[in-house]
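Visitor:
Residue numbers (my numbering): 23 to 163.
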């Protein structure tokens, strides 16, 4: 396992710091944050220390989605969640505050009053130009 001593998530995944762990999978440990944003808020944290998605192995994606499905099934049955938001801040420009790959699972309840979709400024990109930049295959991605 790849750990960093000064990383709180590494200390939790290695059981050197306490947490209320609600689920574990091959690649992830799921626990409640210290300050939850909603009822049932769960952090999905990689067992290994990867600073962000770019530095993680591609095969953890299927485990992530299986984990999300398990968490939603539990929340649907046990706290009557009717939906969920899965949030990630990948990189400092996106607001990532902990340098360890993690996701926020936010169960949603009917009429909970939350608006998890921010209001974005209106933009008018040249979609043809953007399509040419992002589509197709090349050596970079």
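Here a beta-carbon is modelled for each residue, glycine too, at the ideal position from N, C-alpha and C. What you are looking at is a predicted structure, and each value in this text was computed from that prediction instead of being measured.
Within its chain, find whatever has a CB closer than 8 Å to the CB of residue 111; leave out the 5 residues flanking it on each side and keep chain order.
Guide: 117, 118, 119
Visitor: Here's the rule I'm using: 16 or more other beta-carbon atoms within 10 Å means buried, otherwise exposed. How should residue 129 be labelled?
Guide: buried
Visitor: Going by alpha carbons, who is nearest to residue 89 out of 157, 107, 66?
Guide: 66
Visitor: Is the stretch 54-70 touching the stretch 151-158 in the sense that three or more CB pairs, one from each, lie closer than 8 Å?
Guide: no
Visitor: Going by DSSP, which residues form a beta bridge with residue 51?
Guide: 46, 67
Visitor: Mind checking which residues open and close the beta strand (DSSP E) that includes residue 130?
Guide: It spans 124-130 - the beta strand (DSSP E) in which residue 130 sits, taken as one unbroken run.
Visitor: Measuring alpha carbon to alpha carbon, tell me which residue in 73, 150, 132 is nearest residue 125.
Guide: Of the candidates 73, 150, 132, the one whose C-alpha sits nearest the C-alpha of residue 125 is 73.
Visitor: How many whole angstroms separate the CB atoms of residue 29 and residue 71, which I take to be in contact at a CB cut-off of 8 Å?
Guide: So it is a contact: roughly 6 Å between Cβ atoms.
Visitor: Name the residue from 113, 50, 101 whose alpha carbon lies nearest to the alpha carbon of residue 87.
Guide: Considering only alpha carbons, the answer is 50.
Visitor: Only counting runs of 4 or more residues, tell me where the alpha helix (DSSP H) segments fall wholly within the stretch 64-120, in order along the chain.
Guide: 82-101
Visitor: Note down, in chain order, each residue of its chain lying with its Cβ closer than 6 Å to the Cβ of residue 48, except the 5 sequence neighbours on either side.
Guide: 85
Visitor: Quick check: the Cα distance between residue 26 and residue 37, rounded to an integer number of angstroms?
Guide: 13 Å
Visitor: Which of helix, strand or coil does DSSP assign to residue 154?
Guide: helix
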